[in-house]
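Trainee: Take 201 as the starting number for the sequence shown in the numbering used here and just add one per residue. Please see the structure below; I have some questions.
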Amino acid sequence: MKNKDEQTGLVGLAIGAAVIGLISAQKAINRNAIVEELVRLGRQNGDGVEDEVFVKAAELVRKGI
Numbered sequence: 201m202k203n204k205d206e207q208t209g210l211v212g213l214a215i216g217a218a219v220i221g222l223i224s225a226q227k228a229i230n231r232n233a234i235v236e237e238l239v240r241l242g243r244q245n246g247d248g249v250e251d252e253v254f255v256k257a258a259e260l261v262r263k264g265i
């Protein structure tokens, strides 16, 4: 990551994407579901940066921060 602000923004977008994915799939929105969706999204093909962002986001949601 280039800087902390960029990383923070990308983590926020990742969490938002996970919530939108759960809504579109009509699944319950709770901490465990968000973590599972973040892990799923992080495993999709990407350039590696996306994977790191989704992993960081999942860690934050697991902690409850």
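All C-beta atoms in this analysis are idealised placements derived from N, C-alpha and C, irrespective of residue type, glycine included.
If the criterion is Cβ atoms closer than 7 Å, does the pair Phe188 and Ala214 meet it?
Mentor: Within the shown structure, residues of the chain are numbered from 201 to 265, placing residue 188 beyond reach of any answer.
Trainee: Leaving out the 5 sequence neighbours to the left and right, which residues in its chain are closer than 7 Å to Val261 when beta-carbon positions are compared?
Mentor: Here residue 261 is taken as the residue at index 61 of the sequence shown, counted from 1. Ile215, Arg231, Ile234, Val235 and Leu238, listed in sequence order.
Trainee: Output the residue ranges of the alpha helix (DSSP H) runs that lie fully inside the stretch 219-249 and measure 4 residues or longer, sorted by chain position.
Mentor: Entirely contained in the stretch 219-249, the alpha helix (DSSP H) runs reaching 4 residues are, in chain order, 231-243.
Trainee: Return the residue from the list Glu259, Arg240 and Lys204 that minimises the CA-CA distance to Ala218.
Mentor: Within the sequence shown, the letter at position 18 stands for residue 218. For the residues Glu259, Arg240 and Lys204, the minimum Cα distance to Ala218 belongs to Arg240.
Trainee: Between Ala258 and Val211, is the Cβ-Cβ spacing less than 7 Å?
Mentor: For the purposes of this step, residue 258 is identified with residue 58 of the sequence shown, where counting begins at 1. For the purposes of this step, residue 211 is identified with residue 11 of the sequence shown, where counting begins at 1. Result no, Cβ atoms of Ala258 and Val211 do not sit closer than 7 Å.
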